[in-house]
Amino acid sequence: MAQKPSIPKGTRDFLPIEVARRTYIFDTIKHSFKKFGFAPIETPSFELSSTLMGKYGEEGDRLIFRILNSGDKMLKADLQALEDKNLARFANSLAEKALRYDLTVPFARFVVQHQNDLSFPFKRYQIQPVWRADRPQHGRYQEFFQCDADVVGSDSLIYEVDFVFLFDEILSNLQLPSFTIKINNRKILSGIAEVSGESDKLIDITVAIDKLDKIGEEGVIKELTEKGLSTEAIAKIQPLFSFSGTNEEKMDKMKEFLATSEIGQKGLEELQFVFDQVNDLGLQKAELEFDITLARGLNYYTGAIFEVKANGVKMGSICGGGRYDDLTGLFGMKGMSGVGISFGADRIYDVLTELELFPKETDQGLTLMFVNFGEKEQAYCMKLVKATRDNGIDSELYPTAAKMQKQMKYANDRKVQYVAIVGEAEMAENLIQLKNMETGEQAEMSIEEVIVHLNRV
RNA sequence: GUGGUUGUAGCUCAGCUGGUUAGAGCACUAGAUUGUGGUUCUAGGGGUCGUCGGUUCGAACCCGAUCUUCCACCCCA
42 MAQKPSIPKG TRDFLPIEVA RRTYIFDTIK HSFKKFGFAP IETPSFELSS TLMGKYGEEG
102 DRLIFRILNS GDKMLKADLQ ALEDKNLARF ANSLAEKALR YDLTVPFARF VVQHQNDLSF
162 PFKRYQIQPV WRADRPQHGR YQEFFQCDAD VVGSDSLIYE VDFVFLFDEI LSNLQLPSFT
222 IKINNRKILS GIAEVSGESD KLIDITVAID KLDKIGEEGV IKELTEKGLS TEAIAKIQPL
282 FSFSGTNEEK MDKMKEFLAT SEIGQKGLEE LQFVFDQVND LGLQKAELEF DITLARGLNY
342 YTGAIFEVKA NGVKMGSICG GGRYDDLTGL FGMKGMSGVG ISFGADRIYD VLTELELFPK
402 ETDQGLTLMF VNFGEKEQAY CMKLVKATRD NGIDSELYPT AAKMQKQMKY ANDRKVQYVA
462 IVGEAEMAEN LIQLKNMETG EQAEMSIEEV IVHLNRV
């Protein structure tokens with residue numbers, strides 16, 4: 042019985058042309074990561090549940106794919122927990138492993154586990170898929186690639202500056218015409234909560250403020266009220282809702298607003314350092330914007346928070362990142378500040394597709410295909426193919442002596458760049474008809490000339 | 001996880017208030033064209049109408065469940 046083939050929701054197959062384009066993105070990112078001093082590592086696609094659970098907040102836990110225990114391990118299910126309706130505990134007893142949700146937490150685990158083999162500050166990059174049990178939507182997949190660069194073991198702010206330049210360089214190299222790097226600092230958000238007198242409601246406040254441009258001032262006030270903030274507290278925060286101006290103007294206003302908050306002032310100082318450095322050195326295409334409503338990101342961030350938006354397309358953030366002071370502390374290693382960023386390769390792919398920004402070269406197929414005219418010609422061409430391959434030219438021979446039209450159409454569909462036509466006449470003269478499939482131009486030349494010619498393109 | 005939406009040929013979609021053998025374009029195969037593709041012409045192959053169940057004399061069409069798509073929320077790359 043023929044089964045209708047399909048794949049799980051939120052996942053995709055990739056055709057050769059798509060892989061070529063994705064490779065272009067990955068290579069561009071890798072190139073700059075390496076240039077900035079990051080070395081690649083890899084970690085398993087699944088981790089122990091206990092490594093991941095509880096690191097991303099309640100929402101995050103819900104989105105982690107669990108891996109059901111197999112075989113006799115199923116017998117370890119904690120039925121008592123089920124009876125007690127302790128679903129979290131019951132689930133943990135059923136699934137000891139889980140697919141990684143991001144690359145940062147596994148990296149923290151990695152650093153703690155291999156601390157004796159690493160020199161700090163340790164800089165690594167990592168390009169691997171992650172999985173989230175989220176509802177698929179535009180630009181949201183259940184399986185997608187993250188491209189992370191992190192440095193752990195230093196609280197120096199020069200890394201924040203470096204990451205701004207990494208965003209700028211990579212996205213500029215990908216020819217993205219316009220994008221905005223939004224930056225904020227968790228300490229500023231803490232300062233806001235402190236000034237309002239509701240420090241314990243930091244998360245609620247930041248989540249609500251984050252939605253400002255979506256639900257408006259009234260919506261934010263409504264949400265804050267629902268979360269139990271006092272009218273006075275809301276009144277104190279309210280001036281932030283009509284916040285605008287240049288980065289400098291915003292900084293000045295915030296310095297005033299957070300005058301009484303030590304932690305808030307610290308956040309502003311950190312931010313100021315980044316702005317000063319970036320202004321000194323200059324960006325290519327990026328626009329750096331201080332956005333106090335930028336609050337999202339994982340709740341383990343403690344300092345800088347980054348998010349990058351591609352302008353002119355309907356797409357969520359294409360990159361994110363931030364500083365986390367105590368992530369390794371969760372695995373028993375204190376005093377290791379880390380900071381890192383992540384490129385959402387799949388979203389970048391969607392943006393580049395929509396804006397038609399992939400270079401033409403990524404769509405090119407095989408360099409050279411020989412037409413097959415029959416037994417004698419086939420044997421002769423096999424030698425020529427070996428010669429071109431030995432000289433580093435991607436090449437092949439059509440497998441049968443099908444009609445020329447069919448062979449040409451096949452070459453055309455595969456986006457073959459050149460076709461070599463070698464029949465009786467050419468064999469007699471020791472020549473090859475080389476046809477450029479794009480221009481249609483055709484020229485007769487020796488195999489040596491073909492090799493020289495194609496190695497040049 | 002909440003609310004809504006979608007599913008007909010490989011692809012994009014028609015298919016009237018339920019009524020014989022479910023259509024088109026593109027793609028595919030063959031021929032017009034025995035050594036020249038991305039243009040034409042002709043013919044042909046291909047569909048358990050997402051899946052399972054129900055209502056009905058009769059279901060692609062109505063009802064239920066489930067999966068999937070897309071959208072809003074939650075959250076996020």
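With my numbering as the guide, the letters of the first sequence map in order to residues 42 to 498.
Even for Gly, the Cβ is constructed at its ideal location relative to N, Cα and C.
Treat the numbers as computed from the prediction; the structure is a model and nothing was measured.
| Check | Outcome |
| --- | --- |
| Extent of the continuous alpha helix (DSSP H) to which T266 belongs | 253-267 |
| CA-to-CA distance, R103 to I82, given in whole angstroms | 27 Å |
| DSSP-derived helix/strand/coil call for L144 | coil |
| Local conformation of Y166 per DSSP, three classes | strand |
| Buried/exposed call for T145, threshold 16 Cβ in 10 Å | buried |
| Buried or exposed (CB count within 10 angstroms, at least 16 for buried), R107 | buried |
| Distance, R181 Cα to V152 Cα | 29 Å |
| Per-residue DSSP class, three states only, for Y459 | strand |
| Exposure label - N340; buried when at least 16 CB within 10 Å | buried |
| Proximity winner among G363, Y65, A190, relative to M344 (alpha-carbon distances) | Here residue 344 is Gly; the residue named in the question, Met, does not match the sequence. Closest by alpha carbon: G363. |
| Run of the alpha helix (DSSP H) containing S231, from where it starts to where it stops | 227-237 |
| Best match in R141, T92, I246 for proximity to R337 [C-alpha to C-alpha] | I246 |
| Rounded separation between T39 and V236 - CA only | One cannot answer for residue 39 here, as it falls past the ends of the chain, which runs 42 to 498. |
| Burial state of I434, where buried means 16 or more other Cβ atoms lie within 10 Å | buried |
| Rounded separation between K294 and M356 - CA only | 30 Å |
| C-alpha distance - E29 paired with E273, whole-angstrom precision | Nothing can be reported for residue 29, as the shown portion of the chain is limited to 42 through 498. |
| From I58, R176, L135, residue whose alpha carbon lies closest to that of K50 | R176 |
| Whole-angstrom distance between E184 and L123, CA atom to CA atom | 30 Å |
| C-beta atoms of V193 and F161 nearer than 9 Å | yes |
| Integer Cβ distance of K223 from E289, believed to fall under 8 Å | 16 Å between Cβ atoms; not a contact. |
| heavy atom of the ligand MN below 8 Å from A122 C-beta | With respect to the ligand MN, the structure offers nothing, as it holds no ligand at all. |
| Local conformation of K294 per DSSP, three classes | helix |
| CB of L396 within 9 Å of CB of L495, strictly | no |
| Same chain, Cβ closer than 7 Å to F314, five either side skipped, listed in chain order | L198 |
| Residue burial classification, K242 (beta-carbon count within 10 angstroms, cutoff 16) | buried |
| Three-pair Cβ contact test at 8 Å for the region 60-71 versus the region 124-135 | no |
| CB-CB length for I473 against V463, believed under 8 Å | 5 Å |
| Through-space distance from G361 to N413, alpha-carbon basis | 52 Å |
| Residue range of the unbroken alpha helix (DSSP H) whose run includes D175 | Here D175 belongs to no alpha helix (DSSP H), and DSSP marks it neither H nor E. |
| Cα-Cα separation between D404 and D367, rounded to whole angstroms | 44 Å |
| DSSP three-state assignment for V349, whether helix, strand or coil | strand |
| Residue nearest to R388 in terms of C-alpha spacing, selected from L217, D158, G101, T84 | L217 |
| Beta-carbon proximity of I346 to K291, cut-off 9 Å | no |
| CA-to-CA distance, V491 to Q483, given in whole angstroms | 12 Å |
| Top-ranked residue by Cα proximity to F372, from M94, I275, Q446 | M94 |
| Rounded Cβ spacing between Q156 and M374 (contact assumed at less than 8 Å) | 6 Å |
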